[in-house]
Amino acid sequence: MYFISDRALDGKGDKKDYDIWYIEERGDRWSEPINAGEKINSSKNEYYMSFTKTGTMYFSSNRNVDNTNNYNIYSSKSIEGEFQTPVKLSNAINSDFYEADIFVAPDESYLIFSANKPGGYGSGDLYISFRNANDTWTDAKNVGSEINAERSEYCPFVTADGRYFFYTKQNDIYWVDTSFIDKLK
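Under my numbering, read the sequence shown as residues 66 to 250, first letter to last.
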């Protein structure tokens, strides 16, 4: 199970930036938290991870930027159980503004994320991008006013059966049928 924490690397010292951690099931117990390592975590924040069915991790980070409020979305393939050097997604997804709270479809056919950039409905909207046949991403588009409003929308998630889309708005959880996704293609 993966999660984020600002705990000290040794679990005892001062808190640090947010990193991605995981625990493993070991029989009838869970392991101690394990840091996802230097390939995933940097000296800045990493969080809001999502996984494909092949094990590729998508996550947000403010690494490699001067403005600590500018988060971008990265992906890291898992090869033989080891995450590879993260790759920042293209400008079709990332901008000079905040992009985070990523959900990637298990088959990597689309991703939905929260962004706080000009032209939206509120202080943070949900956007969607579809994977092209040549493994590039379409320009992200706002999912629209049926979901986005004046306040921030974040934490997108699609159920394993692909039928329902959950997200957070105004400190509450909402859900809708996923049919809106096909309409945005």
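Backbone N, C-alpha and C fix where the C-beta goes; we use that ideal spot for every residue, glycine too. Computed from a predicted structure; not experimentally measured.
- Item | Per-residue DSSP class, three states only, for Ile212 | Correct three-state label for Ile212: coil.
- Task: Would you identify the three-state DSSP class for Gly168, choosing helix, strand or coil?
- Result: Note that residue 168 is Phe in the sequence shown here, rather than Gly. Strand.
- Residue(s) in a DSSP beta bridge with Ala180: Glu164 and Asp190
- Counting Cβ pairs closer than 8 Å, one from the segment 118-137 and one from the segment 158-178, do we hit at least three? yes
- Task: Give a yes or no on contact between the segment 195-202 and the segment 210-225, applying the rule of three or more CB pairs nearer than 8 Å.
- Result: no
- Message: So, with DSSP's three-state summary, where would you put Ser70?
- Response: Reduced to three states, the DSSP call for Ser70 is strand.
- Task: Assign Ser244 to one of three DSSP states: helix, strand, or coil.
- Result: helix
- First and last residue of the uninterrupted beta strand (DSSP E) at Tyr136: Premise fails: Tyr136 is in no beta strand (DSSP E) and is neither H nor E.
- Task: Out of Phe178, Gly187 and Arg91, state which residue places its alpha-carbon closest to the alpha-carbon of Ser115.
- Result: Checking every option, the nearest Cα to that of Ser115 belongs to Phe178.
- Query: Do you know offhand how far Tyr251's Cα is from Lys182's?
  - Reply: One cannot answer for residue 251 here, as it falls past the ends of the chain, which runs 66 to 250.
- Message: Once DSSP output is grouped into helix, strand and coil, what is the label at Ile144?
- Response: In this structure, Ile144 counts as strand in the three-state DSSP scheme.
- Message: Give me, in chain order, the residues of the same chain whose beta-carbon lies closer than 6 Å to that of Thr233; leave out the 5 immediate sequence neighbours on both sides.
- Response: Tyr219 and Cys220
- Work out the CA separation of Ala101 and Tyr112 for me, nearest whole Å. One alpha carbon belongs to Tyr112, the other to Ala101, and they sit about 11 Å apart.
- Message: Using only CA atoms, which one of Tyr139, Asn156 and Ser155 lies nearest to Phe148?
- Response: Tyr139
- Item | Three-state secondary structure (DSSP) of Arg228 | Reduced to three states, the DSSP call for Arg228 is coil.
- Would you tell me roughly how many angstroms separate the C-alpha atoms of Tyr175 and Phe245, rounded to the nearest one? In this structure, the alpha-carbon of Tyr175 lies about 13 Å from that of Phe245.
- Message: Just to confirm the assignment, what range does the beta strand (DSSP E) spanning Ser125 have?
- Response: Met122 to Ser126
- Item | Element boundaries [beta strand (DSSP E), containing Pro221] | Glu218 to Val223
- Look up Tyr87 in the DSSP assignment and give the residues it is bridged to. Looking at the DSSP assignment, Tyr87 forms a beta bridge with Tyr67 and Ile99.
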